[in-house]
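One structure is given below, encoded as structure tokens.
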Amino acid sequence: MIRKCLFPAAGYGTRFLPATKAMPKEMLPIVNKPLIQYAVEEARDAGLQHMAIVTGRGKRALEDHFDVSFELEHQIRGTDKERFLEGTRELIDNCTFSYTRQVEMKGLGHAILSGRSLIGDEPFAVVLADDLCLNLEGDGVLAQMLKLYEQFRCSIVAIQEVPREQTQKYGVIAGELIREGIYRVNSMVEKPRPEDAPSNLAIIGRYILTPDIFDLIADTEPGKGGEIQITDALMKQAQNGCVLAYKFEGQRFDCGGAEGYIEATNFCFEHLHKNTF
Ligand code: G1P
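Yeah, the sequence shown ends on 295 if you go by the numbering used here, and it's all consecutive.
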């Protein structure tokens with residue numbers, strides 16, 4: 019059974035400067051809720067209880083967010099503002115949060131490896147908070163992937179079709195279709211040029227990983243951009259055994275940039291928050 023979810027959250031958020039100069043990008047709000055809380059809620063809704071967050075310098079607000087604030091709670095007790103903190107409080111009461119720091123920014127693979135001591139020797143989920151995924155029709159993306167894991171017991175990446183000219187923004191897979199929306203991966207490339215991309219199936223920020231990935235990452239040389247890429251470690255796992263790619267149900271917003279962020283804000287206000295205010 020999968021119990022833990024890792025949230026790499028050490029990145030600088032340079033696409034959002036100056037907002038992210040002194041504030042973690044994961045604390046950017048979509049309407050009134052920070053991105054990291056949407057991510058933790060998706061994990062909790064999938065039945066995961068242990069949240070492992072890989073932070074870095076200047077990220078203390080993340081820890082404070084998932085902690086009680088006695089003064090604030092005392093201040094708003096009995097007012098109509100109390101309901102705004104209910105969701106956060108519920109997470110604090112029902113999940114555990116642990117943190118470690120990624121000391122150097124050496125890529126997503128390196129960030130995941132930095133979380134090894136929080137995860138140990140068990141399969142786990144990974145969520146990149148700036149890929150906001152919502153499914154209004156049913157299970158969240160991580161819950162869909164966990165169901166698949168129960169059947170296949172191997173690493174799984176979430177994928178989405180993207181226009182060819184955008185392959186340079188993503189890890190891109192190719193594979194054999196084994197069932198509707200499920201591929202067995204046989205090729206995986208980090209941020210290829212459109213002409214070199216093996217397909218237009220892009221990896222988005224949801225992964226289920228088996229723990230042998232840690233040794234594979236430790237053995238992975240820096241790749242694209244001089245960084246240690248999870249894509250390269252997963253490719254080795256695919257060659258040794260099996261990695262699946264899953265076309266999920268739902269919508270994904272790239273909240274690491276202004277356009278996706280605004281789209282997500284409008285979508286969430288319309289569908290999730292309109293009656294809150
Ligand atoms: C990372 C991964 C990439 C994946 C993307 C999803 O890239 O390296 O394979 O497609 O997340 O958002 P980043 O966006 O951190 O550069």
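Glycine is no exception: its CB is placed at the ideal position from the N, C-alpha and C atoms. Predicted model only: the values in this text are computed from it and were never measured.
- In terms of Cβ geometry, LEU46 and ALA37 form a close pair [threshold 9 Å].
- Cβ contact annotation for PRO212 (same chain, cutoff 6 Å, sequence separation greater than five): ARG182, GLU183 and THR185, in chain order.
- Closest in alpha carbon position to ILE222, among PRO141, PRO52 and TYR188, is TYR188.
- Contact annotation, THR238 with ALA256: C-beta distance approximately 13 Å; criterion of less than 8 Å not satisfied.
- DSSP places MET69 in the uninterrupted beta strand (DSSP E) bounded by 68-73.
- Closer than 8 Å to some heavy atom of the ligand G1P: that describes the Cβ of GLY189.
- Fewer than three beta-carbon pairs drawn from the stretch 226-233 and the stretch 197-209 are found closer than 8 Å, and the two stretches are therefore not classed as touching.
- Residue range 219-227 is occupied by the beta strand (DSSP E) that includes GLY223.
- Linking GLY127 to THR118 through their CA atoms gives a straight-line distance of about 15 Å.
- A direct Cα-Cα distance of roughly 20 Å separates ALA176 from LEU131.
- A straight line joining the alpha-carbon of TYR264 with that of THR97 spans about 45 Å.
- The ligand G1P has no heavy atom closer than 8 Å to the beta-carbon of GLU44.
- Residue pairing of GLU208 in beta bridges, as defined by DSSP: GLY189.
- Three or more Cβ pairs closer than 8 Å define a contact, and the stretch 61-76 meets that threshold against the stretch 132-145.
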